[in-house]
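Sequential numbering of the sequence shown, starting at 53, is according to my numbering. Yeah, the Cβ is synthetic: ideal placement off N, Cα and C, and Gly gets one too.
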Amino acid sequence: MNNKKFYKLGTETDTDDIIDFFNLRLDEFALPSTPRFYFQANTKQKKSLIKISKISEQYQEEMDAELLVQVNPEYFDAFNSDNSNMDKPDNLLEILFDQEIDKINIDGKTGKVSIKSRALNASRGIIDKYSFDDVARAEEIESLYEKQKKDAEE
């Protein structure tokens with residue numbers, strides 16, 4: 053695993069599975085078009101496994117991407133092995149990735165890409181797909197993992 057705080061995902065062989073998993077989850081969504089993504093590891097990203105944000109217009113051409121997908125590989129590996137706690141093995145990662153992907157909004161007429169914000173972490177569609185209890189459990193595990201990591205560092 054890379055020791056840098058930020059690095060491009062896919063440049064390390066052990067990070068290809070993160071991009072593959074993201075693309076599998078993305079395929080489950082009916083977006084009018086597929087935005088261009090830049091995948092980056094963020095080993096210091098706190099309180100979330102994955103975060104998607106819009107890339108500033110001035111950098112989109114340089115990066116050949118519209119959206120920045122930051123994933124904490126340590127969280128991904130930990131949650132991947134923690135999935136035995138849930139009914140289906142990939143539920144935890146699926147829920148956390150789906151919640152973030154579900155925030156992507158593409159205007160069908162203009163093609164403009166934006167990120168929706170929510171007061172709640174999960175949309176109705178994500179809760180309907182997995183159940184409220186599974187979504188709440190995924191968020192709880194993510195939060196507890198961060199707390200454990202912080203306690204271990206002290």
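- At least 9 Å separates the beta-carbon of residue 123 from that of residue 167.
- Here residue 186 is buried, its C-beta having at least 16 other C-beta atoms within 10 Å.
- Rounded to whole angstroms, residue 60 and residue 111 show a C-alpha spacing of 15 Å.
- Counting only the Cα atoms, residue 84 lies some 6 Å from residue 160.
- The alpha carbon of residue 100 has as its nearest neighbour, out of 193, 206, 109, the alpha carbon of 193.
- Around the beta carbon of residue 94, 16 or more other beta carbons lie within 10 angstroms, which makes this residue buried.
- Between residue 156 and residue 102 a beta carbon distance of about 12 Å is seen, past the 8 Å cut, so the two are scored as non-contacting.
- The shortest CA-to-CA distance from residue 163 to any of 56, 80, 88 is the one to 88.
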